[in-house]
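One structure is given here, and the rest of the page talks about it.
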Amino acid sequence: MLIAQNIKLSRVLLDTWKVDVIMIISCTAAYFVREYLISYHFQISTIIPTVLGTAIAFFIGFNNNQAYDRWWEARKIWGAIVNDSRSLARNLINFVEDEETAKRMVCRHISFIYALKANLRNTVDEIYTKYLTEFDKLEVGKHSNKHNAILNIQAMELQKLYKENKIDGFKFMEINEMLVKLTDSMGGCERIKNTIFPTTYSYLTKVFIWLFVVTFTLVISQDMGYWSIFMGWLIGFVFVSTQINGMRLVNPFNINASGLPLNNIARTIEINLLQMLNEEDIPEPVRPINDEYIL
Amino acid sequence: MLIAQNIKLSRVLLDTWKVDVIMIISCTAAYFVREYLISYHFQISTIIPTVLGTAIAFFIGFNNNQAYDRWWEARKIWGAIVNDSRSLARNLINFVEDEETAKRMVCRHISFIYALKANLRNTVDEIYTKYLTEFDKLEVGKHSNKHNAILNIQAMELQKLYKENKIDGFKFMEINEMLVKLTDSMGGCERIKNTIFPTTYSYLTKVFIWLFVVTFTLVISQDMGYWSIFMGWLIGFVFVSTQINGMRLVNPFNINASGLPLNNIARTIEINLLQMLNEEDIPEPVRPINDEYIL
Amino acid sequence: MLIAQNIKLSRVLLDTWKVDVIMIISCTAAYFVREYLISYHFQISTIIPTVLGTAIAFFIGFNNNQAYDRWWEARKIWGAIVNDSRSLARNLINFVEDEETAKRMVCRHISFIYALKANLRNTVDEIYTKYLTEFDKLEVGKHSNKHNAILNIQAMELQKLYKENKIDGFKFMEINEMLVKLTDSMGGCERIKNTIFPTTYSYLTKVFIWLFVVTFTLVISQDMGYWSIFMGWLIGFVFVSTQINGMRLVNPFNINASGLPLNNIARTIEINLLQMLNEEDIPEPVRPINDEYIL
Amino acid sequence: MLIAQNIKLSRVLLDTWKVDVIMIISCTAAYFVREYLISYHFQISTIIPTVLGTAIAFFIGFNNNQAYDRWWEARKIWGAIVNDSRSLARNLINFVEDEETAKRMVCRHISFIYALKANLRNTVDEIYTKYLTEFDKLEVGKHSNKHNAILNIQAMELQKLYKENKIDGFKFMEINEMLVKLTDSMGGCERIKNTIFPTTYSYLTKVFIWLFVVTFTLVISQDMGYWSIFMGWLIGFVFVSTQINGMRLVNPFNINASGLPLNNIARTIEINLLQMLNEEDIPEPVRPINDEYIL
Amino acid sequence: MLIAQNIKLSRVLLDTWKVDVIMIISCTAAYFVREYLISYHFQISTIIPTVLGTAIAFFIGFNNNQAYDRWWEARKIWGAIVNDSRSLARNLINFVEDEETAKRMVCRHISFIYALKANLRNTVDEIYTKYLTEFDKLEVGKHSNKHNAILNIQAMELQKLYKENKIDGFKFMEINEMLVKLTDSMGGCERIKNTIFPTTYSYLTKVFIWLFVVTFTLVISQDMGYWSIFMGWLIGFVFVSTQINGMRLVNPFNINASGLPLNNIARTIEINLLQMLNEEDIPEPVRPINDEYIL
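Chains as they are written, first to last, in the numbering used here: chain A, 67 to 361; chain B, 67 to 361; chain C, 67 to 361; chain D, 67 to 361; chain E, 67 to 361.
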């Protein structure tokens, strides 16, 4: 997540340089084609880039809206994970009459958070094992879906608490509800990660922007001569940077400056839960990188 | 679901070739009509295709938004099915004091997933019977709505567990809630499948695009001569491909490259549940076809 | 609900013929006024219909979006009714230890569905009495809101089951929750039926379309002579048909080709529930009319 | 809520006459300034009102969408109040084994509805006291928030019923849930009433419409002479009436033709609940005023 | 929150003066560049600012919509806090058979509200300690997240009430549900506060508005001479003020005229809860500042 108020224009140019080169070549070609071929035969109607502009505006608008919605939905889900983590820990610590098990379950929950994060980001960090018992590690090792496996152990332990009368039916229900909600959040993240935004939208947008830039340059070169190459690229850049900017948000779990700050959120949960357990050894919050973004 | 980053333009042309032919014939006719009839009598106002363009932009935008919403809602429902399947299995395996029945119910649930998928896609695969007992198959055979019948058997077995004190009231409630949620998801899928997107919208859009292409060609042929046939088709193609692309998403359960990857999702559930049962014989995840899409 | 892929253009013309006549008269008048009065004094600026076009596009877009939302919300509510009907029946049949009462309550629920449908469509069919006992009919007769009265009898019978220990507190809660959800769906339908879409929106849209058609014809008649009458009507038709098409969806419970297929949905529920009761005498699904639409 | 299909144009003119006068004066001034000052020095570019038109279209569209959303949300909340009132009454009447207290609580609930309505509309009608006991009136008198006070008495009485074993824990929960939901609806209404729609939006819209009308008149007066005064006003009227029309919906609890028909909804609840109590003396439904609107 | 119907134009100018100066300098530069350099070589096409206008309209529209959504979501969350505060207090006061503890918990809840407000606004007011016991203050002092710490004490006390049989399981659940909901609202606020609206959107919007103003001035200066400087700024001002106005809503917890009136809402909760406790000493509602806005 970007935190700097002003990003550098150079960063945007860096993001789009490949497309910029293609656009400048196309614009130059369009200029020469019109100047030495078309201009002797016919005029190019202004309505062509105007109408194309409308189509592109719709496309880019649609892509940006849907991308932002995915990004914000992912953020909401992680917000829910924060909330449910706190409620789960509060319930375990205050309502369970077996302090040791309660503490073990809270720690195991921190492990769940880190396992989920690692999975969503396709990283292989093993931080999550830090909060697991030896038995847990063995059990989790058997499953391909690590975070789901941790939830299962939580349920197993919950059943044990219930059978040993450390909690009653009402508390059992309350805590189990939290596990159900965490399963929903976990599945929601996987859904966003695994569902690819319909490729045809971003592909057609690219094709149409290119078509627009070419016809636009053809039209304005009738007035502006070789300056049309520069203006063609400039307007194309406006559209391209908007499109690329939006598409950045489509995969909110990627590890880049536009992605969600999962490191930061996971650490916040860790700190909150350890403080609730009255632990002494609390880790530091995650620091921004270059005061520019946070991961 | 498409997974390739770049689709081939040829695929888009293949999707639209019929409409392309109609458009090229219409543009050619428009060109000749204007050249040899209209041009001697009057000018055609540029404002006509401009205003039509606005109307079409609204139509296509509306259709695409609603289509994408249906597609994404369907995806969300299947996401909920994944979540509830995991929670149901976790509850059954950990909380029921009758391991055999629990296992039977988890297997029957896998069968529910496959029966629902077959129904939504109008296929007749019998995979779902694999996880049913002989009694189940007989019972399910009596109903036209197979997946609903399976839920009924689950409820029957749940009642038996309760009466035999294998679960108490609290657990009974938790598990029954899962059946209620699965009924909601199942009904949500049927709603999207059975509710036809208002036909007038897609029909009128087609008529208006045609009208636009014709008036557009009439207008630009005043400047561009026979090149207007090509440009008329090109701009028409932009609108038509957008419209067709959007309408692909309207029926998310169809078995095509744009449809939801139900095979993949159902298999994920199957793998998760079998691992939770500590089964040895776990099937492979579903593989993409041509690295291009996944069903 | 329309089910045919292609509707006939003649149907659209039939829907709009009154407005078409008014538009053609207005366009003709506009043509003559400009030709024999205005043309000697001043030019009419193209910007006038262009700006009006923008205003109208907003209006029609807004109306269509809100109308579709009402229609889709109504569809969702009926989807929820289907789901809750199945869950209610499943709970009653499997969890109640008094088969006869359970069956009576499931039948009474079918009656609730038909009573609600009749109320929403302002019809007086008495199908719903078929599934009621004599006592029920008497009791329901006292109320102006028939469907609400049926829910009350269900609650009364539920209380009796509870007192006679045919269900325990947990089951009581689960079944009562279903009655609460059905009350919500029933109220949601009444809300959509009774809340009139703000009249000013559709009224002003009509006035502005007329204004647009007149100024549009005035402007293009400067280029196109009497052909402007035809083009003025054609563009007006595009806007009018879109507007009328959208307004069709505003009242989703009306009995017409665009309305929701309540007959069909109610019958689906009836079939599902009777099959769950192992009844022999199952009615046929509702058939489409002319393969064109379904009621 | 307006119920007449056609509102009179005169009503719209009446609503906007002040702005109309300002616009006509501005247009006239613009005409003379251009005719006798500007026309000797330079042309005014058509692009100025065109671009302003885009900005205004966004503003008005945004205002209308948000206003309608507030109105529809308010309607949904009152729909929820209707639903929860019925469910509450059904639960009280059927599940509580103390008929008298149940009846008293249902009546007190009608009083809650009227107290909430009076508060939302800032009226001082005392209808709500009709359904209160002497004790209630005394208690409610101590609070500034009357409707919240009534809910508290309901909770007090519920506790008494529970302690006296007239209801068990399950029923206690079900009924208390209804009180929680009613608290949510009540708070939702207060939120919409007390949150002022950001003033800057409506203010800037007014300023920009005025700016648009002036530049528009300046531009078209180059073609149309003094007729530009009329056309300038006409187009301005289109924007102004849309804006004013939308802003009407922003405060849905105001007592005017566009507000929600709270009288009607409250009466519907009253009738439903009294019929459920088998009362003889049922009041009449609320009648529309002039067949034009309903309050 | 602004409450005055009309804000002063001077306030808007004050908000934008820095950008206004930059725009006037840019417009002047553009005028001179065109007049003394470009005009001898080529015409600048009108289509350039037209197309840019479309892109900017999308950007500003997108930013405003998302900003308003954040603001309204934050308002909804605080609405939920109001509701849950009332329900929590009602439950505690009426259902707990230990008046003193109930009262202590209600007071502690007021403290929670003030602690949450102080955190969201980054202020250090210590009002919240007023309603805490000495033990509470000590306990809360150990945590970095004060409001979460208060919720933990509430849970601890709830557990004590349950163990001492001052509440039964059903009531325990109801009250604990309220704590869960308050955790969700608290987390929702933190999410909105900590998630920075994607910086690239507001940055690119600024760059594109500047680009638009320059090309717009270049184009209209062909018609209007040095008056183009004034008109260029005027149109730029329309876009800039809209953009700045929208961005004001992005951080709804900031202490300024556009922020949410948290002082007012917190005080409303305080008054409601103290009245429910039959306290004598009720504080005054928060007064607006200059009759212009409320904090």
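Yeah, the Cβ is synthetic: ideal placement off N, Cα and C, and Gly gets one too.
Margin query: My assumption, with CB atoms under 8 Å, is that E:L315 sits in contact with E:S324. Please give the rounded CB distance.
Written below: Confirmed, about 6 Å.
Checklist line | Of the residues B:G298, B:P318 and B:R333, the one placed nearest B:S92, counting alpha carbons only | finding: Considering only B:G298, B:P318 and B:R333, the residue with the shortest C-alpha distance to B:S92 is B:G298.
Check: chain B beta carbons: is any one of them nearer than 7 Å to that of C:T94?
Finding: No, C:T94 lies away from the interface with chain B (no Cβ there is under 7 Å from its Cβ).
Check: Since B:M239 and C:E240 are thought to touch, with beta carbons under 8 Å apart, how far apart are those beta carbons, to the nearest angstrom?
Finding: That belief holds up - the Cβ atoms of B:M239 and C:E240 are roughly 7 Å apart, short of 8 Å.
Check: Where does C:I355 fall in DSSP's three states?
Finding: Here C:I355 sits in strand by DSSP.
Checklist line | Residue range of the unbroken alpha helix (DSSP H) whose run includes E:K226 | finding: That run of the alpha helix (DSSP H) goes K212 to K229.
Notebook entry, point to check: Can you name, in chain order, every residue of its own chain whose Cβ lies under 7 Å from the Cβ of A:Y292, other than the five neighbours on each side?
Noted result: Y97, listed in sequence order.
Next item on the list: For D:G127, return the contacting residues in chain C, with the cut-off set at a CB-CB distance below 9 Å.
Entry: Neighbours of D:G127 on chain C, chain order: F124, G127 and F128.
Note to self: Do C:I219 and C:I335 have their beta-carbon atoms positioned less than 7 Å apart in this structure?
What the structure shows: For C:I335 and C:I219, no; Cβs fall outside 7 Å.
Margin query: Just to confirm, is the Cβ distance from C:I114 to C:T281 under 7 Å?
Written below: Their beta carbons are under 7 Å apart, which means C:I114 touches C:T281 by this criterion.
Notebook entry, point to check: Any idea which residues DSSP pairs D:L68 with across the strands?
Noted result: Partner(s): D:Y359.
Note to self: To the nearest angstrom, how far is the alpha carbon of E:V190 from that of E:A184?
What the structure shows: The alpha-carbon atoms of E:V190 and E:A184 are separated by roughly 6 Å.
Next item on the list: Check whether the Cβ of E:E240 sits closer than 6 Å to any heavy atom of the ligand MN, and report yes or no.
Entry: Absent from the structure shown: the ligand MN. Ligands present: none.
Notebook entry, point to check: Straight-line CA distance for D:F263 to C:N160?
Noted result: Cα to Cα, the separation comes out at about 52 Å.
Next item on the list: Please check if any C-beta of chain D sits within less than 7 Å of the C-beta of C:N211.
Entry: Output row for C:N211: interface = yes.
Notebook entry, point to check: Per DSSP, what kind of secondary structure is A:H175 in: helix, strand or coil?
Noted result: Helix.
Notebook entry, point to check: What number of angstroms, rounded off, separates the C-alpha of A:S210 from the C-alpha of A:I310?
Noted result: About 34 Å.
Notebook entry, point to check: From C:A168 to C:N157, what does the alpha carbon distance come to, in whole angstroms?
Noted result: It is roughly 9 Å from the alpha-carbon of C:A168 to the alpha-carbon of C:N157.
Note to self: In this structure, how does DSSP classify E:N160 when only helix, strand and coil are distinguished?
What the structure shows: In the three-state reduction of the DSSP assignment, E:N160 falls in the helix class.
Checklist line | the segment 224 to 241 of chain E: positions lying closer than 9 Å to chain D by Cβ | finding: Flagged, chain order: D234, G235, F236, K237, M239 and E240.
Check: DSSP state of B:D368, grouped into three classes?
Finding: This structure cannot settle anything about residue 368 of chain B, because the visible part of chain B is limited to 67 through 361.
Next item on the list: Specify whether the segment 196 to 216 of chain D and the segment 113 to 130 of chain E touch according to this definition: at least 3 beta carbon pairs, one from each stretch, less than 8 Å apart.
Entry: No, because fewer than three Cβ pairs between the segment 196 to 216 of chain D and the segment 113 to 130 of chain E fall closer than 8 Å, the two stretches do not touch.
Checklist line | Spatial distance of E:V352 from D:A215 (CA atoms) | finding: Taking the straight line from one Cα to the other gives about 21 Å.
Item checked: Contact set for D:V162: own chain, Cβ-Cβ below 7 Å, skip 5 residues either direction -> Excluding residues within five positions, the ones whose Cβ falls inside 7 Å are A168, L227, K232 and I233.
Check: When the cut-off is 7 Å and only beta carbons count, does E:A181 lie next to chain A?
Finding: It does not: the Cβ of E:A181 has no partner Cβ on chain A nearer than 7 Å.
Check: Looking at the structure shown, is D:K169 part of a helix, part of a strand, or coil, going by DSSP?
Finding: In this structure, D:K169 counts as helix in the three-state DSSP scheme.
Notebook entry, point to check: Cα-Cα, which of C:Q288, C:A70 and C:N329 is closest to C:V99?
Noted result: Check the Cα spacing between C:V99 and each of C:Q288, C:A70 and C:N329: the tightest is with C:Q288.
Check: Where does E:P349 land, buried or exposed, given buried means 16+ other C-beta within 10 angstroms?
Finding: With fewer than 16 other Cβ atoms within 10 Å, it is exposed.
Next item on the list: Using a cut-off of 9 Å between C-beta atoms, extract the partners of B:S324 located in chain A.
Entry: Result: P264 and T266.
Notebook entry, point to check: Between the Cα of E:Y267 and the Cα atoms of A:H213, A:D86, A:N130 and A:A121, which residue gives the shortest distance?
Noted result: Out of A:H213, A:D86, A:N130 and A:A121, A:N130 has the C-alpha closest to the C-alpha of E:Y267.
Checklist line | Inter-residue Cα distance where the pair is B:L186 and A:E256 | finding: Spanning the two alpha carbons is a distance of roughly 23 Å.
Notebook entry, point to check: Got a sec, what are the start and stop residues for the alpha helix (DSSP H) E:N317 sits in?
Noted result: Here E:N317 belongs to no alpha helix (DSSP H), and DSSP marks it neither H nor E.
Next item on the list: Closer than 8 Å by beta-carbon distance: list the chain E residues that pair up with D:G253, in chain order.
Entry: Neighbours of D:G253 on chain E, chain order: G145, A146, V148, N149 and R152.
Item checked: B:V87 classed as buried or exposed, judged by whether at least 16 other C-beta atoms fall within 10 angstroms -> So B:V87 counts as exposed.
Note to self: Helix, strand or coil, according to DSSP, for C:N330 in the structure here?
What the structure shows: C:N330: helix per DSSP, three-state reduction.
Note to self: If distances are taken between C-alpha atoms only, which option among C:L326, C:I355, C:A221 and C:T283 comes closest to C:V172?
What the structure shows: When each option's Cα is compared against that of C:V172, the closest is C:A221.
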